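K.L.:
In our numbering, the protein residues as written are 22 to 175.
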């Protein structure tokens, strides 16, 4: 079997709760851009966030559906689904019993085989709606894309 890509290793580590493997995939000063945490730096934050997601949703399942890389391998993009059931606390918030599936798209910048930047977009908002409505997690209101513009239209 061929070696797994950075993104495939990310999905496997996330789904398997392999925090050591996940930590090795990220640069120590990685920056995360997500609906509830824009421009947050540091692998410690990312690990804590992933652990909280698993604590809140025991048995959560991550399924990779698409992945693409730039020709030089320094950028990647992927689409995956999270199948979840909220039966545990999330950052101190009580469980709701809600369940669902969420589809997310992420882009990553990669240096020396490690993720140095991750930008999250969600096309189904079930899990994010739960975070905002039931638990009061604030969403970013003015999200400026961290990447340079390629083209723009009026």
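All residues carry an ideal CB built from backbone N, CA and C; glycine is no exception. Since the model is a prediction, treat every value here as computed from it, not as a measurement.
How is residue 157 classed by DSSP in three states: helix, strand or coil?
P.N.:
Translated into positions along the chain shown, residue 157 becomes position 136. Residue 157: coil per DSSP, three-state reduction.
K.L.:
Determine the extent of the alpha helix (DSSP H) in which residue 44 is found, giving its start and end residues.
P.N.:
The residue given as residue 44 occupies position 23 in the chain shown. It spans 40 to 46 - the alpha helix (DSSP H) in which residue 44 sits, taken as one unbroken run.
K.L.:
If we ignore side chains and look at the alpha-carbon of each, how far apart do residue 88 and residue 35 end up?
P.N.:
For the purposes of this step, residue 88 is taken as residue 67 along the chain shown, with counting starting at 1. For the purposes of this step, residue 35 is taken as residue 14 along the chain shown, with counting starting at 1. Each residue's Cα considered, the two are about 16 Å apart.
K.L.:
Would you list the one or two residues that DSSP bridges to residue 126?
P.N.:
As a first step, residue 126 is located in the chain shown; it is residue number 105 there, counting from the start. Answer is 100 and 142, bridged to residue 126.
K.L.:
Quick check: the Cα distance between residue 30 and residue 98, rounded to an integer number of angstroms?
P.N.:
Here residue 30 is taken as the residue at index 9 of the chain shown, counted from 1. Here residue 98 is taken as the residue at index 77 of the chain shown, counted from 1. Distance between the alpha carbons of residue 30 and residue 98: 14 Å.
K.L.:
Round the Cβ separation of residue 38 and residue 50 to the nearest angstrom and send it over; I've been treating them as touching at under 8 Å.
P.N.:
Translated into positions along the chain shown, residue 38 becomes position 17. Translated into positions along the chain shown, residue 50 becomes position 29. Wrong, their Cβ atoms sit about 23 Å apart, outside the cutoff.
K.L.:
I'd like the list of long-range same chain contacts for residue 66, defined as Cβ closer than 8 Å, with 5 residues on each side in sequence excluded.
P.N.:
If you number the chain shown from 1, residue 66 lands on position 45. These residues qualify, in order along the chain: 53 and 58.
K.L.:
Can you tell me whether residue 41 is buried or exposed, with buried defined as 16 or more other CB within 10 angstroms of its CB?
P.N.:
On the chain shown, position 20 is the one that residue 41 refers to. The residue is exposed, with fewer than 16 neighbouring Cβ atoms inside 10 Å.
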